[in-house]
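> Heads up: the sequence shown begins at 96 in this note's numbering, then just goes up one per residue. One structure, pasted below without further comment.
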Amino acid sequence: MQEAAASQPVHIAYPAVGMDQAVLPLSPTEQEASLGSLIPPPTPDAYWLTPYGTPGQGSTNTTYIVGHSWEGRPSPFNEISSRAQPGDQLTISTAQGPLVFTVDEITTEYKDTLRDSAIWDRVPGRLILITCFTEDLWGTNIIIQASPLPAG
96 MQEAAASQPV
106 HIAYPAVGMD
116 QAVLPLSPTE
126 QEASLGSLIP
136 PPTPDAYWLT
146 PYGTPGQGST
156 NTTYIVGHSW
166 EGRPSPFNEI
176 SSRAQPGDQL
186 TISTAQGPLV
196 FTVDEITTEY
206 KDTLRDSAIW
216 DRVPGRLILI
226 TCFTEDLWGT
236 NIIIQASPLP
246 AG
């Protein structure tokens, strides 16, 4: 079976952290782009950063999915900080079909240095999830880096 062609992500399922969520497109404003920062809308949704990559065969850049972790209210991103592990599998669904990824690395990054992080390097096929680190919601992000499994 051949891997699905690169296209917009519409759903993410990450069972190890209890995430089963639609993915909405999000385009940074000109001001956010010029400052190298982005704050997703204050909702419990997952957002795909549209100026970057799309997952699937023929991907030309990293795909980024972002969202908030919340204190005292539910969010699909809340359990990433405590339950995500290298080796976890997650599925990104697109109009072209599902794509399975394996978590390679989990790191944290200070919000004020995130814009200079190597996570922004162009890596076709790579998936990055970014959310607030629940132990420091205002100062630190947790970063999940994942690679696609070969289509089988």
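Glycine residues also receive a C-beta, built at the ideal position from the N, C-alpha and C atoms. Since this is a predicted model, take the numbers as computed values, not measurements.
1. Check this for me: beta carbons of Ile239 and Ala179, under 8 angstroms apart or not?
2. Does DSSP put Ser242 in a helix, in a strand, or in coil?
3. Please report the straight-line C-alpha distance between Glu127 and Leu133, rounded to a whole angstrom.
4. Which residue's Cα is closest to the Cα of Ser154: Ser102, Pro245, Glu230, Val195?
5. Per DSSP, what are the beta-bridge partners of Asn248 in this structure?
6. Does the distance from the C-beta atom of Ala141 to that of Ala108 stay below 8 angstroms?
7. Answer yes or no: does any C-beta atom of chain B fall closer than 8 angstroms to that of Pro181?
8. With a CB to CB cut of under 8 angstroms and the five nearest residues on each side skipped, what residues in its chain are close to Val105?
9. Would you give the residue range spanned by the beta strand (DSSP E) that Ser188 belongs to?
10. If you compare alpha carbons, which of Glu125, Asn236, Gly151 is closest to Pro243?
11. Can you tell which of Leu121, Leu222, Arg217 has its C-alpha closest to the C-alpha of Val195?
12. Go ahead and pull the three-state DSSP assignment for Asp115.
Result, derived from the coordinates:
1. Taking a C-beta distance under 8 angstroms as the contact criterion, Ile239 and Ala179 qualify as a contact pair.
2. Correct three-state label for Ser242: strand.
3. Looking at the backbone, the Cα of Glu127 and that of Leu133 are separated by about 6 angstroms.
4. Out of Ser102, Pro245, Glu230, Val195, the CA that lies nearest to the CA of Ser154 is found in Ser102.
5. Nothing in the structure corresponds to residue 248, since the chain is present only between 96 and 247.
6. No, they are not a contact pair.
7. The chain inventory of the structure shown lacks chain B, comprising one protein chain alone.
8. Contacts found: Ala117, Val118, Ser188, Thr189, Ala190.
9. For Ser188, the enclosing beta strand (DSSP E) starts and ends at 184-189.
10. Considering only Glu125, Asn236, Gly151, the residue with the shortest C-alpha distance to Pro243 is Gly151.
11. Relative to Val195, the option among Leu121, Leu222, Arg217 whose CA is nearest is Leu222.
12. Reduced to three states, the DSSP call for Asp115 is strand.
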